[in-house]
Ligand SMILES: Nc1ncnc2c1ncn2[C@@H]1O[C@H](COP(=O)(O)OP(=O)(O)OP(=O)(O)O)[C@@H](O)[C@H]1O
Ligand SMILES: [Mg+2]
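In structure tokens form, the structure reads like this:
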């Protein structure tokens, strides 16, 4: 046996964990995705710029951003449908930037599902297996298994046009999962469903990922609820650029930029000036904030306070006084908009007898750790 | 019909009858009537007979029908293959390449078919490719003429095809050939059969280029019809025309029966 073959053999035996059969994870064990400085341009306009992101093996990463921010483009760069003008895309340890889509070993589900209309459900799901020359005997078994996984076992003989939107969505998912891809790309897979179905499918996706813990998922959405529910980490995008990456909790509790602060959850963004260690001035009120940092006096900054962290009354560390300009009933809470020092401060307060009415003078307060100083 | 009152609907039908019946149906009716008569000197023909049909389905005429069918079959199959291939190739080219292909395949349509006939005649009358005097020159001219239509209908259908299908297939690991064979072509099949029918009908009726090219042993039916009427045998010509019409319609009907799952989309 030639030497290079021997060494290859040795490596592949070591690199393969015992439990991971070759088909299970695209012959390579769990893989992640890495974007390195990826830039994509259409007609000279960059729609994705210097995009740097690493998604770990088995991780669920949500790409969250407004319409047109380049989320789909990033996904298509992984699938191989757009060519980056610069930068590399890696799946596991393979540089896939120059590989054609069919050689990338990804599963993909798009918004309109794109089920093949001329094939029955079973043939749709079998498509990827047959295209990859899976032995005949295994195909039927794997198709049944994939359909069972999404709860569509009884629909194998139907045509896509005979299914509801939610059922088509499940079949599209089964079709992508049947080939046991290392990474799963989901482009707004729930956006064609109504609100009730969507929350059901969200739970279903969560369960699926627990059943397939090795699959790395890139989930594109402009719905923050989906991102926060499903993702291990969220990448916030705006105007072709990555703004911030973090766990949903971190992005929500301590956003770094004002775009993230207002896009993930709602936020009061108050213009303040720094006034020494842990202190800022808002109008003529001095506020204490948790954010440590140089208190170079006088520098302008933005303070983020979440509306539901603000309470009525003057019991907290930071007290703001103003006039109620609007009060909205929102079921469990009231949303009170106060005018404070010429700015609007919104508070979500529980229903109570002391809720101010429009025109009343009122005081609200929040704790020092709920005031987050932003970078911009 | 987008008209909802009863009166309005009647009016639309009346206009339809007045405009379309004389324009399209009447000439065909006249031919059908003429093919069954021996004499037409008054308003209506006289002397009903089946003798024209007896001769139209025998000997020389039957041979001409068979020549036409063979020519049209070969030309439309070739045209469909070449047109589909060219349309697929054009779709993967850039914008300028596609324009060039479009222009190239527009040529046989834009240029009068007499000119196409002459061009084919001149081009293939001397070595190295000497086709003049053989049946192949007729088939070649027909193929050139109808490929343009095949190309156009297939590229129109390709432009309407949602790229998401081919992309979904590719991301599932299908190579380009597999995608073409299992996804694109099946989805295009309704357009392909329509294009084939169109090519077949056009070839069955082609006269002007054929006139310049046909060898004595390969005389298609339209040429036979022309010769008959030229001799003054109007009624025989009419019978031949009806046979041509019937044969073409039968084939078109058969082609349109090729239904696929894709056509239920
Ligand atoms: N094929 C294309 N040609 C030219 N511009 C394109 C093309 N595809 C996308 N774009 C542009 O790239 C930008 C980003 O598009 P992309 O589809 O990535 O946005 P997105 O974040 O997915 O938005 P949405 O939430 O609306 O789907 C948009 O401004 C869009 O107009
Ligand atoms: Mg998108």
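Protein chains in written order, with our numbering: chain A, 90 to 465; chain B, 30 to 294. Here a beta-carbon is modelled for each residue, glycine too, at the ideal position from N, C-alpha and C.
Proximity below 7 Å, CB of residue i to CB of residue j
i             : j             : result
residue 137/A : residue 163/A : yes
residue 452/A : residue 410/A : yes
residue 201/B : residue 216/A : yes
residue 235/A : residue 266/A : yes
residue 350/A : residue 343/A : no
residue 165/A : residue 143/A : no
residue 353/A : residue 274/A : no
residue 345/A : residue 336/A : no
residue 199/A : residue 193/A : no
residue 281/A : residue 254/A : yes
residue 247/B : residue 167/B : yes
residue 229/B : residue 105/B : yes
residue 276/A : residue 158/A : no
residue 244/B : residue 112/B : no
Rounded C-alpha distance that separates residue i from residue j
i             : j             : result
residue 309/A : residue 438/A : 32 Å
residue 304/A : residue 341/A : 26 Å
residue 122/B : residue 279/B : 38 Å
residue 241/B : residue 147/B : 7 Å
residue 120/B : residue 182/B : 13 Å
residue 261/B : residue 253/B : 12 Å
residue 258/B : residue 250/A : 54 Å
residue 237/A : residue 182/A : 32 Å
residue 405/A : residue 369/A : 16 Å
residue 50/B  : residue 84/B  : 30 Å
residue 60/B  : residue 270/B : 8 Å
residue 294/A : residue 129/A : 30 Å
residue 192/B : residue 445/A : 56 Å
residue 214/B : residue 201/A : 21 Å
residue 365/A : residue 312/A : 38 Å
residue 206/A : residue 212/A : 10 Å
residue 48/B  : residue 38/B  : 15 Å
residue 393/A : residue 348/A : 11 Å
residue 100/B : residue 278/A : 52 Å
Chain B residues whose Cβ lies nearer than 9 Å to that of residue i
i             : result
residue 170/A : 192, 196, 199, 200
residue 124/A : The premise fails here: residue 124/A is roughly 18 Å from chain B at the closest Cβ pair, so nothing lies under 9 Å.
residue 264/A : 197, 201
residue 201/A : 191, 193
residue 268/A : 201, 202
9 Å Cβ cut-off: residues of chain A touching residue i
i             : result
residue 125/B : Per Cβ cutoff of 9 Å: no residues; residue 125/B is ~15 Å from chain A at best.
Cutoff 8 Å; reference residue i; Cβ partners in own chain excluding five residues on either side
i             : result
residue 431/A : 372
residue 113/A : Confidence in residue 113/A is poor, its pLDDT being 40 and thus under 50, which makes the residue's placement unreliable; the coordinate value appears in the next sentence. Excluding sequence neighbours, residue 113/A sits near 269, 303.
residue 209/A : 245, 246, 247, 248
residue 408/A : 374, 452, 453, 454
residue 188/B : 120
Proximal chain A residues relative to residue i, where beta-carbon distance stays under 8 Å
i             : result
residue 260/B : Residues of chain A passing the Cβ test: none, with the nearest at roughly 52 Å.
Under 7 Å from the C-beta of residue i: neighbouring residues of chain A
i             : result
residue 215/B : 207
residue 204/B : 191
residue 212/B : 205
residue 207/B : 220
Cβ-Cβ separation, residue j to residue i (assumed contact under 8 Å), whole Å
i             : j             : result
residue 121/A : residue 146/A : 5 Å
residue 135/A : residue 329/A : 5 Å
residue 174/B : residue 235/B : 6 Å
residue 427/A : residue 391/A : Not a contact, Cβ separation roughly 18 Å.
residue 272/B : residue 94/B  : 6 Å
residue 396/A : residue 435/A : 5 Å
Same chain, Cβ closer than 6 Å to residue i, neighbours up to 5 away in sequence not counted
i             : result
residue 81/B  : 64, 264, 265, 268
residue 379/A : 457, 458
residue 239/A : 259, 262, 263
residue 198/B : 208, 212
residue 107/B : 172
residue 194/B : 212
Residue i: contacting residues in chain B (beta-carbon distance under 7 Å)
i             : result
residue 195/A : 200
Residue i: contacting residues in chain B (beta-carbon distance under 8 Å)
i             : result
residue 217/A : 201, 202, 203
Residues near residue i by beta carbon distance below 7 Å, same chain, minus five either side
i             : result
residue 331/A : 140, 141, 142, 324
* Asked: Which residues have a Cβ closer than 7 Å to any heavy atom of ligand 3, listed in chain order?
  -> Absent from the structure shown: ligand 3. Ligands present: ligand 1 and ligand 2.
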